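One structure is given below, encoded as structure tokens.
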Amino acid sequence: MLREEELKTFVEGTTNYFEVAAQQPATIGSPYLMEGAPAVHDYTGVISISGKREGVVYFTAPRAMLTVLLMKMQENDFSHETMRDLVGEVANTISGNARRDFGRDFVISVPSVLAGEKPSLAQKPGQRSFIIPINWRSHSAKLVVSLS
Amino acid sequence: MSGSQVNGAGGRKSLKLLIVDDSNIMRRRIERSQQFEELEVVGTAGNGIEALEMFRKTDPDMVTMDLTMPQMDGIECISKLVQLKPAVRILVISALADKATAVEAMERGANGFLNKPFTDRQLNEAIAELMT
Chain D
1195 MLREEELKTF
1205 VEGTTNYFEV
1215 AAQQPATIGS
1225 PYLMEGAPAV
1235 HDYTGVISIS
1245 GKREGVVYFT
1255 APRAMLTVLL
1265 MKMQENDFSH
1275 ETMRDLVGEV
1285 ANTISGNARR
1295 DFGRDFVISV
1305 PSVLAGEKPS
1315 LAQKPGQRSF
1325 IIPINWRSHS
1335 AKLVVSLS
Chain R
2 MSGSQVNGAG
12 GRKSLKLLIV
22 DDSNIMRRRI
32 ERSQQFEELE
42 VVGTAGNGIE
52 ALEMFRKTDP
62 DMVTMDLTMP
72 QMDGIECISK
82 LVQLKPAVRI
92 LVISALADKA
102 TAVEAMERGA
112 NGFLNKPFTD
122 RQLNEAIAEL
132 MT
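Chain order of the listed sequences is D and R.
Numbers in my numbering are just positions in the first sequence, counted from 1, shifted up by 1194.
Numbers in my numbering are just positions in the second sequence, counted from 1, shifted up by 1.
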């Protein structure tokens, strides 16, 4: 289970991503716990974590939000492949940035991407996921952190 | 996904740049955002293996290098590029934000390290440092 200061690492990483990459800050809602995997949006970028912690970190967002994010990044390709690329890159960036606090033994995979499907979470008994709600412009997304 | 692409030669350019990142968006972003007239982007690659091929084809002076990539990661690729051309200048552009990774990249032969996410200004400052 994540400690409060560890959760803060992911909240700050998410805030920083939108501030820098999208030049417009996101509002982060109160993180909450749940068992299993929450509902996902259109695209989900999944990073597997191994090393001193095990589990997954994933970023899930609707197509409409990703389209605006791409526009803010001056992209002009809004294809399915580019949406997949973007959610993978967001998940990778937030997870990679977490190594500032977790250290090098927080090993992150290359992203895998799901379109409309729920990631399968191999959770240990009693393990729960932290859901970090992200509100950006008029859109909502989630960062899900499930680590043992 | 293949990210490998060779660009045509430009007339006034004097420094050749290879961009290595497994994200198409990031490769395009770096190419679009760099503001140095003397830099010619001679190719792009989506992993370390493609980067080695492109490096041999295009003989770049500078490389921007992601670290977390499939097939061959950036750390391994840096060592191989430096063996091929010790004078190459390598700017790591990675989300990995721990000091140990930055130190290892520099020990392997990288010359600079820029964390993702980054602004255009941060990118251009990092490239300018590399060019001096």
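Even for Gly, the Cβ is constructed at its ideal location relative to N, Cα and C.
All figures in this text were calculated on a predicted structure; none of them were measured in a lab.
When rounded, the separation of the alpha-carbon atoms in residue 99 (chain R) and residue 1248 (chain D) is 18 Å. Close CB contacts of residue 1272 (chain D) within its chain, under the 7 Å cut and outside five residues either way in sequence, are with 1261, 1264 (chain order). DSSP places residue 1235 (chain D) in no alpha helix (DSSP H); its state is neither H nor E. Residue 34 (chain R) sits in a helix when the DSSP states are folded into three classes. As a beta-bridge residue in DSSP terms, residue 1239 (chain D) pairs with D:1253, D:1307.
For residue 117 (chain R), the nearest CB of chain D lies under 7 Å from its own CB, placing it at the interface with that chain.
Of the residues R:28, R:42, R:6, R:29, the one whose Cα lies closest to the Cα of residue 15 (chain R) is R:42. In terms of Cβ geometry, residue 1305 (chain D) and residue 1239 (chain D) form a close pair [threshold 7 Å]. Secondary structure of residue 41 (chain R) (DSSP, three-state): strand. Per DSSP, reduced to three states, the secondary structure at residue 17 (chain R) is strand.
The alpha carbon of residue 71 (chain R) has as its nearest neighbour, out of R:48, R:20, R:83, R:58, the alpha carbon of R:48. Taking a C-beta distance under 7 Å as the contact criterion, residue 1255 (chain D) and residue 1335 (chain D) qualify as a contact pair.
Note on residue 60 (chain R): under 16 other CB atoms within 10 angstroms of its CB, so exposed under the neighbour-count rule.
Each residue's CA atom was taken as its position, placing residue 102 (chain R) and residue 27 (chain R) some 20 Å apart.
Interface residue (Cβ-Cβ distance to chain D less than 7 Å): residue 97 (chain R) is classified as such. With 16 or more other Cβ atoms inside 10 Å of its own Cβ, residue 24 (chain R) counts as buried. Judged by their CB atoms, residue 1330 (chain D) and residue 1233 (chain D) are not nearer to each other than the 7 Å cut-off. As computed with DSSP, residue 1339 (chain D) is found in a beta bridge with D:1251, D:1324. For the set R:119, R:58, R:106, R:6, the Cα lying nearest the Cα of residue 34 (chain R) is the one of R:119. For a Cβ distance threshold of 7 Å, residue set 118 of chain R lies close to residue 1215 (chain D), ordered along the chain.
Nearest in C-alpha terms to residue 64 (chain R), of all of R:18, R:74, R:112, is R:18. For residue 1267 (chain D), the neighbours in chain R by C-beta distance under 8 Å run, in chain order, 26, 30. Considering only R:108, R:50, R:94, the residue with the shortest C-alpha distance to residue 121 (chain R) is R:94. Bounds of any beta strand (DSSP E) do not take in residue 89 (chain R), whose DSSP letter is neither H nor E.
At a cut-off of 7 Å, the C-beta of residue 69 (chain R) has a neighbouring C-beta in chain D. Taken through DSSP and simplified to helix, strand or coil, residue 114 (chain R) comes out as strand.
Each of R:69, R:81, R:109, R:91 was checked against the Cα of residue 133 (chain R), and the nearest Cα belongs to R:91. According to the DSSP assignment, residue 66 (chain R) belongs to the beta strand (DSSP E) that extends over 63-66. DSSP places residue 1228 (chain D) in no alpha helix (DSSP H) but in the uninterrupted beta strand (DSSP E) bounded by 1226-1228.
The DSSP-derived three-state label of residue 1210 (chain D) is helix.
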